[in-house]
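The sequence shown runs 1415 to 1573 under the numbering used here.
Reviewing the structure listed below.
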Amino acid sequence: MPRSMAGTLTSLLVALAGLSPVPTYRCVLAASRHPSVILIMTDDQGYGDLACHGNPQIKTPVMDRLYAQSVRLTNYHVDPTCSPTRSALMTGRYSTRTGVWHTIMGRSIMAPEEVTIAEVFAAAGYRTAIFGKWHLGDNYPCRPQDQGFHEVLIHGGGG
């Protein structure tokens, strides 16, 4: 893996150890040699939309608790639409280099040879999962399960 990509992917990690509302998961986390990593990407949300960033009107108690116990990386720049932003987050590369430049007809396709953060984590012994939007390819070899995710529950297509 190129050194710059490894550094970029490392800087994208949000490490959360021991966070779980369900006590049985704490046993699994305690036995694991890896810290838990939860990476959250939301659509159409600005930095100041969360209470933990100073918004007095919108209550976000769960996000606030995660925020209080997490590593916070606040210097990430997004594209105007979700799919290019997602491809950059998944690969640590500029979205245009991944082949994703827009969400058109819901069929942006990330180049299958891109190395994703899920593949890096899987190679390090993590179990990986994605829940929510993918929108980087619906067919082999571009699906999330082809890109390093062990567990997949996504909204396919786009838009």
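Note that the Cβ used here is the ideal one computed from N, Cα and C, for glycine as well.
Three-state class that DSSP yields for residue i in the structure shown
i, result
"L1480", "helix"
"V1534", "helix"
"A1525", "coil"
"H1569", "strand"
"G1562", "coil"
"G1577", "Any answer about residue 1577 is impossible in this case: the structure gives the chain only from 1415 up to 1573."
"Y1439", "Caution is warranted here: a pLDDT of 45 is assigned to Y1439, below 50, making its placement in the model unreliable, and the coordinate value is therefore given only provisionally. In the structure shown, Y1439 sits in a helix (DSSP, three-state: H, G or I)."
For residue j and residue i, the rounded distance between their alpha carbons
i, j, result
"P1555", "E1527", "9 Å"
"A1560", "D1552", "What sits at residue 1560 in the sequence shown is Asp, not Ala. One C-alpha to the other measures close to 10 Å."
"Q1471", "A1537", "42 Å"
"V1514", "L1487", "23 Å"
"D1457", "D1463", "12 Å"
"G1460", "H1448", "31 Å"
"V1485", "I1523", "30 Å"
"Y1439", "I1452", "Caution is warranted here: a pLDDT of 45 is assigned to Y1439, below 50, making its placement in the model unreliable, and the coordinate value is therefore given only provisionally. Going from the Cα of Y1439 to the Cα of I1452 covers about 14 Å."
"M1477", "Y1490", "18 Å"
"V1566", "P1558", "7 Å"
"T1499", "F1563", "18 Å"
Cβ pair residue i, residue j closer than 9 Å
i, j, result
"A1532", "I1544", "yes"
"I1549", "S1497", "The sequence as given places His at residue 1549; Ile does not occur at that position. Yes, they are a contact pair."
"H1516", "T1495", "yes"
"A1482", "K1473", "no"
"M1504", "T1512", "yes"
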